[in-house]
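In UniProt numbering, the protein residues as written are 1 to 152.
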């Protein structure tokens, strides 16, 4: 086996481990912290307009990395022994994007179809959904955790 293949496999395993750790930390943050503290930790609540309009345009390679993060978080969330809600997945994805220096915004929306009120969160970067976008159709965005990432 060549060295490049071993290094590629190690990076892949570290990525999956990062996704699992991010989901565990996100679960703790979402279910153990009051929401106002979670919101403050992730930049505060703002109007969703700029995030929807793509006010932080990203080049194609950055969007590809962001999509990869979203796919990784979604793939690992179904392998954990608990159900990861949309907000847990978005918080985990946002942490992973921040670590990579990519701006990510968590949008919150509601849907009142069928006489019941349903809420959903999804993560966008560059105006493109990264996590939870497929389920977001029909939801009206009301708020956003909008902040520029800090480079760790």
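Think of the CB as a built atom: it goes at the ideal place given N, C-alpha and C, for glycine as much as any other residue. No experiment lies behind these values; they were computed from the predicted model shown.
Query raised in the report: Sorted by chain position, which residues of the same chain lie with C-beta nearer than 7 Å to residue 76's C-beta, five sequence neighbours on each side aside?
Result: 16, 19, 20, 23
Query raised in the report: Going straight from the alpha carbon of residue 152 to that of residue 114, what length do you get?
Result: Unreliable positioning characterises residue 152 in this predicted model, as indicated by a pLDDT of 42, which lies under 50. The coordinate reading is nonetheless provided below. So the two alpha carbons sit approximately 44 Å from each other.
Requested in this report: Could you please give the first and the last residue of the uninterrupted alpha helix (DSSP H) stretch that includes residue 59?
Outcome: Premise fails: residue 59 is in no alpha helix (DSSP H) and is neither H nor E.
Requested in this report: For the stretch 80 to 147, list the beta strand (DSSP E) runs that are entirely contained and at least 3 residues long, ordered along the chain.
Outcome: 105 to 111, 118 to 125, 128 to 131, 140 to 145
Query - The alpha helix (DSSP H) enclosing residue 30, as first and last residue numbers - result: 3 to 32
Report task. Within its chain, find whatever has a CB closer than 7 Å to the CB of residue 117; leave out the 5 residues flanking it on each side and keep chain order. Result -> 110
Report task. Just the C-alpha distance for residue 108 and residue 95, rounded to the nearest angstrom, thanks. Result -> 17 Å
Query raised in the report: Which residues share a DSSP beta bridge with residue 46?
Result: 144
Requested in this report: Would you tell me roughly how many angstroms separate the C-alpha atoms of residue 164 and residue 56, rounded to the nearest one?
Outcome: Nothing can be reported for residue 164: it is not among the residues displayed for the chain, which extend from 1 to 152.
Query raised in the report: Pairing CB atoms from the stretch 56 to 71 with CB atoms from the stretch 24 to 40, are three or more of them under 8 Å?
Result: no
Report task. Between the Cα of residue 167 and those of 44, 128, 144, 119, spot the shortest distance and give me the residue it belongs to. Result -> A question about residue 167 goes unanswered here, because the residues of the chain that appear run from 1 up to 152.
Query - Proximity below 8 Å, CB of residue 89 to CB of residue 69 - result: no
Query raised in the report: In the structure shown, what three-state DSSP assignment does residue 78 receive?
Result: coil
Query raised in the report: DSSP state of residue 35, grouped into three classes?
Result: helix
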